[in-house]
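Here's the structure we're looking at; comments come further down.
Chains as they are written, first to last, in our numbering: chain A, 12 to 277; chain B, 12 to 277; chain C, 286 to 526; chain D, 286 to 526.
Shown next, in the form of C-alpha cells:
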C-alpha cells in the first residue's frame with residue numbers, strides 16, 4: 012500500500028489544510044524535514060494531536076501560523092523550558108488548546124485502533140480537565156456500584172506523520188520499541204513516514220526486526236529523508252539539546268522566531 | 012523480579028490448585044513440559060483461559076481431570092479435528108465451558124492490562140454468546156444515539172504460563188511478534204515462562220531484540236526447559252503435526268487417552 | 286455426464302476467488318484450506334490484492350499479536366473474510382458451538398472463534414460449506430455463534446454477502462439467500478432438496494462457470510504449492526490435474 | 286550559621302530517597318531531575334529497588350510504547366512517583382496548566398501530562414517543589430490538573446503522601462498537610478510565612494536529618510554520574526563536594 016515519494020515537497024503535497032495530524036514527541040521520531048516542507052508550502056488550519064506531548068515541531072508550526080488546534084497533554088522544549096510560540100498563541104487566543112493527560116491520548120488512539128467509540132480510563136476524576144474537555148464523559152461503571160469512571164472518545168487522526176530509522180522496499184517501517192508510532196499508524200486513516208534509510212531486505216523476514224516493524228498495510232507514504240529530524244538529533248543527544256537551546260533562546264520573541272524560521276527554511 | 016528455578020517440579024509447585032491460568036494456542040509458545048509437571052503433581056480445579064483458543068495442552072489437562080473451567084473462543088487439534096477429551100467432558104457435564112469469541116478474550120486482557128473494568132467491543136450483538144455469557148453487558152454507547160455496544164469485563168488471570176525461545180540472566184524474555192504473550196504477562200498477576208535457552212547478554216540492550224522482549228518487571232518465574240513444547244514442535248511443523256495426529260487418534264476414547272497420558276508422563 | 290476436468294474444491298475455490306475481484310485485502314482464518322486456496326488464487330490473478338492467511342507465516346504481516354486481525358478488521362482495512370458453520374440457517378446465522386440445548390448438548394464443536402465479531406465488521410463475508418445437506422443448511426441453527434442479520438440501528442458495516450457450497454452459489458441480501466448458479470448437474474430442485482431452509486430463486490438458474498484455463502493454471506501451480514505448506518492433507522486430495 | 290556541607294538539592298534528594306525505603310519500584314517522569322536524583326540515590330542504597338526513569342535509556346525497561354508507564358501504574362506495579370506543580374494548594378491539588386481564567390490565562394504552562402491519572406493510581410505520590418513561596422503554595426490552585434483528594438466512593442488506590450520542598454518536609458493524610466521537619470535554619474513560623482495555605486504542625490518540629498555520609502557518597506558518585514547523562518544542566522549545579 013505504501014507509495015515511495017521522490018521528493019519531500021511531493022510527499023507533503025497530499026497533506027491537506029485542516030488535516031488532523033498525529034505527531035510524536037521530540038524524543039521519538041519527529042519528521043522535521045517534512046514539517047519544514049509543510050511550512051514552506053504554507054499549510055493552514057492543522058489540528059495537531061501530540062502523542063501525547065509536543066515540542067519543537069508543534070511550536071514551530073504554531074509560530075508559522077499553520078495550526079488551528081493543538082490537542083496535547085503538554086508541550087515544552089524539554090530542559091529548555093516553555094514552548095514560546097505556543098505560549099504566545101494561547102495568551103493571544105490565536106489557537107484552540109485541547110488540554111489532555113498522556114494516558115487519555117493513548118487511550119483515545121487505542122479506541123480508534125480497536126474501532127470502538129471510547130475507552131474507559133481510571134483517574135482524572137476531580138481534575139478541571141473534565142470541565143474543559145466536555146467530550147470526555149463520566150459514567151457509572153456498569154460492572155461496579157457507585158463507581159464513576161471517565162470515558163475517552165476515540166481519536167482518529169487523518170494522518171500520522173513521523174520519522175523512523177528504516178523502511179524496506181516493500182513499504183514496511185521499523186520503529187523498534189517506539190510502539191506509540193505503531194499505535195499512531197493503526198489508529199490513523201493514513202500514515203506518512205520519513206526514514207533515514209531504505210533497505211532491500213524485507214524487515215518482516217527477520218524475526219527480530221519483525222517484532223518492531225509496522226507492516227506496509229498501514230503505511231501510505233514513505234520519503235527517504237536522511238537527517239529528517241534535523242535540527243533535532245536522531246539518536247544524537249548533543250545535537251538534539253543544542254538545537255533546542257538555540258531555538259528556545261531565539262523564539263522568545265516574534266522577531267527572534269521569524270529570524271530562526273527564515274534561516275531554517277532557507 | 013524473575014526467579015530462576017532449577018527444576019520444573021519446583022517451578023510448577025507454586026501454581027496452586029484452582030489457579031486462573033492463561034495459556035496461548037498451540038501455534039504460539041505452549042509450555043508442555045510445565046503442563047506435564049502440573050499433571051504429575053495432580054493439580055486440580057484449574058480455570059483455563061485460552062488466549063484466545065486452546066488445543067492439545069487444554070485437552071490433556073481436561074482429560075487428566077485438572078480443569079474445572081475452560082474459557083475459550085474455541086478448542087481443537089488444528090487440522091486433526093475436535094479436541095476429544097474436551098468434547099467428552101462437555102457432553103458429560105464435567106467441566107464448565109465459558110464460550111467466548113477471540114477478540115473478546117483479547118479485549119478482556121487488554122482491560123486488565125490497562126487496569127480498567129471493561130472494554131467495549133463492536134459486533135457480537137445477536138449472538139447467543141451474549142445469552143450464555145451474562146457477564147458480558149450491552150449498553151447504549153454514551154457517544155452515540157440508539158447504538159447498543161457490548162462491554163467485555165476485564166480478564167485478570169492469576170498466572171500466565173507459556174514457553175518462549177530465550178530469556179536473559181536479568182529475567183527478560185524474548186517473544187518476538189508473539190505479542191499476545193506480552194499482553195498475557197501484562198494482564199496477569201504473575202507470569203511463569205519456560206524457555207529454550209538462557210543467555211547472558213541483556214535482551215533489552217539490543218534495540219532489535221528489545222522490541223520483542225517482555226521486561227523482567229512482568230516475569231515472576233523462569234525455567235530453562237529445552238524442548239519445553241514437546242511433543243509439539245517449536246518452530247518445527249513436521250513434529251508438531253505428527254504429535255497432534257497421534258494424540259487425536261489415541262484420545263478418542265478414555266482408555267486410549269490414558270495410554271497416551273501414561274506414556275507421556277513416564 | 287462426463288467427468289469434470291476439475292475437482293469440486295477447485296470449482297468452489299474459483300467461484301470464491303471471483304467474489305474477491307477488485308478488493309484490496311482479503312483475510313483467511315486459521316483452519317480454512319478452501320478459503321486459503323481461493324484467496325491465493327485471487328491473489329495470483331490480481332497482484333494488487335493483499336492476501337492474509339492466519340497461521341501461515343509467508344502470508345501474514347501482523348506484528349501486534351493475536352488481536353491485530355480483529356483491530357485491523359474494525360479499522361476497515363479488511364474487505365473480505367470467509368466463515369462456515371456446523372449449521373447455517375436461512376437468515377445466515379451460523380453455529381460453530383453445538384447441537385441440541387447449549388447446557389446439555391448432544392454434540393459439541395470447537396466454538397465460535399472470531400465469527401461473532403468479524404461477521405459484523407468485514408464488509409464482504411463469504412459463507413462456504415462443501416457439504417450441502419439438510420443437516421448443515423437448517424431452518425434455524427441450534428446456537429447462534431454469529432448472527433446473519435441485525436436491526437437497522439445496530440452498528441454493522443459488515444455481514445454475509447455470498448454463500449458457496451459444493452452444489453451452488455447464493456447471494457445474500459435483505460435477509461434472504463438467493464440462488465445464483467448451480468454446479469455441474471445440480472438443478473434448482475436438487476439444491477432445494479438438499480437445503481433445509483427456503484431461498485429465493487428463478488425457475489432456472491445458470492450453471493456455475495467452470496474454472497477457466499488461467500484459473501486452473503494458477504490453482505494447480507501457485508495456489509497448490511502454497512496451500513501444501515499450510516494444509517498438506519487438504520492439498521493431497523483437493524487439486525486435480 | 287555555618288555553610289552546610291551539602292546543597293539544598295542534595296538535602297531534598299536524600300529526604301525524597303528515604304521515602305522510597307522498602308518499596309519495589311519507583312518511577313520518575315520526564316523532566317524531573319530532582320526526583321531522578323532521589324530515585325537513583327535510593328536505588329544505590331537498596332539494589333532491590335527497581336528505578337524507572339522516563340527519557341533515560343539506561344533506566345527504563347518499557348517495550349510497549351508510551352502507554353506502558355500508565356498501564357503499568359494501573360496494574361499496581363509502580364509503588365511511588367513524583368509530581369510537582371506551578372501551584373500546589375492545601376488540599377494537594379496541583380496545577381500544571383496556567384494562571385488566571387483557563388479561557389483567558391495570564392500565564393500558560395506546558396500542561397498536565399500524566400498527573401491527572403498517575404496521582405490516582407500510584408500508592409505513594411511524593412510532591413516536590415524546591416521553590417517554597419506563597420506564589421507556589423496557594424490557598425486554591427487556579428486550575429486543578431490533578432486532584433489531591435477524592436470522595437470515598439471513587440476508585441483511588443493512589444494519591445499524595447508526602448511533600449518535599451526547599452524548606453521543609455510535610456506528610457499528607459486525611460486531606461491535610463502536616464509539617465514533619467524543617468531544613469537547616471527554617472522554623473515552623475518561617476515555613477508558615479512562605480506557605481499560602483494552612484497546615485497542621487506542632488509548635489516545634491525537628492530539623493530535617495542531613496544527608497548521611499553514605500548518602501552523600503552515593504549522591505555524588507553513582508547518582509551524579511547517571512543524572513549528568515540525562516540532565517547535564519541540573520547536574521552542573523545541584524551537587525556539592
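Note that the Cβ used here is the ideal one computed from N, Cα and C, for glycine as well.
State whether the segment 347-364 of chain C contacts the segment 65-81 of chain B, with contact taken as three or more CB pairs (one from each stretch) at a distance under 8 Å. no
Residues that residue 108 (chain A) bridges to, as DSSP identifies them: Counting from 1 along the first chain, the entry for residue 108 (chain A) is found at position 97. Beta-bridge pairing links residue 108 (chain A) to A:81.
Cβ pair count under 8 Å reaching 3, the segment 421-433 of chain D against the segment 477-487 of chain D: yes
Determine, using beta carbons only, whether residue 128 (chain B) and residue 152 (chain A) come nearer to each other than 8 Å. Reading the second chain from its first residue, position 117 is the one you call residue 128 (chain B). Reading the first chain from its first residue, position 141 is the one you call residue 152 (chain A). It is a contact, given that the beta carbons lie within the stated cut-off.
According to the neighbour-count rule (16 or more other Cβ atoms, all chains shown, within 10 Å of its Cβ), is residue 260 (chain B) buried or exposed? Stepping through the second chain from its first residue, residue 260 (chain B) is reached at position 249. Residue 260 (chain B) comes out exposed.
Option nearest residue 492 (chain D) by Cα separation, candidates D:380, D:432, D:375, D:453: To locate residue 492 (chain D), count along the fourth chain from 1; it is residue 207. For the residues D:380, D:432, D:375, D:453, the minimum Cα distance to residue 492 (chain D) belongs to D:453.
For a cutoff of 8 Å on Cβ pairs, would you count residue 462 (chain C) as touching chain A? As a working mapping, residue 462 (chain C) is identified with position 177 in the third chain. By this cut-off, residue 462 (chain C) is not an interface position.
Check: residue 328 (chain C) C-beta below 7 Å from any heavy atom of the ligand PLP: By its list of ligands, the structure shown contains no ligand whatsoever, and the ligand PLP lies outside what it can speak to.
Is there a Cβ of chain D sitting closer than 8 Å to that of residue 144 (chain A), yes or no? Position 133 of the first chain, counted from the start, is the residue given in the question as residue 144 (chain A). No, residue 144 (chain A) does not count as interfacial toward chain D.
Name the one or two DSSP bridge partners that residue 383 (chain D) has. For the purposes of this step, residue 383 (chain D) is taken as residue 98 along the fourth chain, with counting starting at 1. DSSP lists D:393 as partners of residue 383 (chain D).
Nearest chain G C-beta to residue 349 (chain D) closer than 8 Å, yes or no? Of the chains in the structure shown, none is chain G; the protein chains are A, B, C and D.
Under the rule that 16 or more other beta-carbon atoms within 10 Å means buried, what is residue 313 (chain C), buried or exposed? Along the third chain, read from residue 1 onward, the residue named residue 313 (chain C) stands at position 28. By the 10 Å Cβ count, residue 313 (chain C) comes out buried.
Examine chain C for any beta-carbon lying closer than 8 Å to the beta-carbon of residue 220 (chain B), and answer yes or no. Here residue 220 (chain B) is taken as the residue at index 209 of the second chain, counted from 1. Output row for residue 220 (chain B): interface = no.
Applying the 10 Å Cβ sphere with the 16-neighbour rule, what's the burial state of residue 231 (chain B)? Here residue 231 (chain B) refers to the residue found at position 220 of the second chain. By the 10 Å Cβ count, residue 231 (chain B) comes out buried.
Taking the beta carbon of residue 443 (chain C) as the centre, do at least 16 other beta carbons fall within 10 Å, making it buried, or is it exposed? The residue given as residue 443 (chain C) occupies position 158 in the third chain. Flag for residue 443 (chain C) reads buried.
Note the first and the last residue of the continuous alpha helix (DSSP H) segment covering residue 8 (chain B). Residue coverage of chain B in this structure runs from 12 to 277, which leaves residue 8 (chain B) outside it and unanswerable.
For residue 106 (chain A), I'd like the list of residues in its chain whose CB is within less than 7 Å of its CB, leaving aside the five on either flank, ordered along the chain. Numbered from 1 along the first chain, position 95 holds the residue referred to as residue 106 (chain A). Taken in chain order, the residues that qualify are 73, 78, 79, 80, 81, 100.
Rounded separation between residue 321 (chain C) and residue 303 (chain C) - CA only: Along the third chain, one-based indexing puts residue 321 (chain C) at 36. Along the third chain, one-based indexing puts residue 303 (chain C) at 18. Distance between the alpha carbons of residue 321 (chain C) and residue 303 (chain C): 14 Å.
Have a look at B:68, B:27, B:13 and flag the residue whose alpha-carbon is nearest the alpha-carbon of residue 241 (chain B). One-based indexing of the second chain puts residue 241 (chain B) at position 230. The residue with the shortest Cα to Cα distance from residue 241 (chain B) is B:68.
Which residue comes first and which comes last in the alpha helix (DSSP H) that contains residue 270 (chain A)? Within the first chain, residue 270 (chain A) is the residue found at index 259, counting from 1. Where residue 270 (chain A) is concerned, the enclosing alpha helix (DSSP H) stretches over 265-276.
Residue 252 (chain B) by DSSP, collapsed to three states: which one? For the purposes of this step, residue 252 (chain B) is taken as residue 241 along the second chain, with counting starting at 1. Correct three-state label for residue 252 (chain B): helix.
Could you pull out every residue in the same chain whose Cβ sits closer than 8 Å to the Cβ of residue 417 (chain C), ignoring the five residues on either side in sequence? To locate residue 417 (chain C), count along the third chain from 1; it is residue 132. 450, 451, 452, 453, 476, 479, 480.
From the DSSP output, in three-state form, read off residue 91 (chain B) for me. Position 80 of the second chain, counted from the start, is the residue given in the question as residue 91 (chain B). The answer is helix: DSSP assigns residue 91 (chain B) an H, G or I state.
Range of the contiguous beta strand (DSSP E) that encloses residue 344 (chain D): Counting from one through the fourth chain, the residue named residue 344 (chain D) turns up at place 59. Element bounds for residue 344 (chain D): n/a, residue is neither H nor E.
Candidates A:178, A:66, A:265, of which the one nearest residue 213 (chain A) by Cα: Against the first chain, residue 213 (chain A) aligns to sequence position 202. The residue with the shortest Cα to Cα distance from residue 213 (chain A) is A:178.
Within 8 Å (strictly less), CB to CB, does residue 327 (chain D) reach chain B? Looking up residue 327 (chain D) in the fourth chain gives position 42. Chain B, which has no Cβ nearer than 8 Å to the Cβ of residue 327 (chain D), makes this no.
Can you check whether the C-beta of residue 132 (chain B) is within less than 8 Å of a C-beta belonging to chain A? Along the second chain, read from residue 1 onward, the residue named residue 132 (chain B) stands at position 121. Closer than 8 Å to some Cβ of chain A, the Cβ of residue 132 (chain B) qualifies, so yes.
Output yes if chain C places a C-beta closer than 8 Å to the C-beta of residue 86 (chain B); else output no. Here the question's residue 86 (chain B) lines up with position 75 in the second chain. It does; some Cβ of chain C falls within 8 Å.
Unbroken stretches of the alpha helix (DSSP H), 4 residues or longer, contained in the segment 475-509 of chain D: 498-503
Check each candidate in B:171, B:182, B:222 and name the one with the smallest Cα separation from residue 31 (chain B). Within the second chain, residue 31 (chain B) is the residue found at index 20, counting from 1. When only C-alpha atoms are compared, the closest one is B:171.
Inter-stretch contact (C-beta, 8 Å, three-pair minimum) for the segment 31-46 of chain B and the segment 190-204 of chain B: yes
Residue 116 (chain A) - containing alpha helix (DSSP H), residue span: As a position in the first chain, residue 116 (chain A) is number 105, starting the count at 1. Where residue 116 (chain A) is concerned, the enclosing alpha helix (DSSP H) stretches over 113-125.
Is there a Cβ from chain D that is less than 8 Å from the Cβ of residue 202 (chain B)? Position 191 of the second chain, counted from the start, is the residue given in the question as residue 202 (chain B). So no, residue 202 (chain B) is outside the interface.
For my contact list, residue 298 (chain D) and residue 326 (chain D) are in at a C-beta cut-off of 8 Å; report their separation, rounded to the angstrom. By 1-based counting over the fourth chain, the position of residue 298 (chain D) is 13. By 1-based counting over the fourth chain, the position of residue 326 (chain D) is 41. Sure, about 6 Å apart at Cβ, within 8 Å.
Please tell me whether residue 502 (chain D) has its Cβ less than 8 Å away from any Cβ of chain A. Along the fourth chain, read from residue 1 onward, the residue named residue 502 (chain D) stands at position 217. For residue 502 (chain D), the answer is no, since every Cβ of chain A falls outside 8 Å of its Cβ.
As assigned by DSSP and simplified to three states, the class of residue 287 (chain D): Here residue 287 (chain D) corresponds to residue number 2 of the fourth chain, with the count starting at 1. Model confidence at residue 287 (chain D) stands at a pLDDT of 49, short of 50, so the residue's coordinates are unreliable and nothing is read from them.
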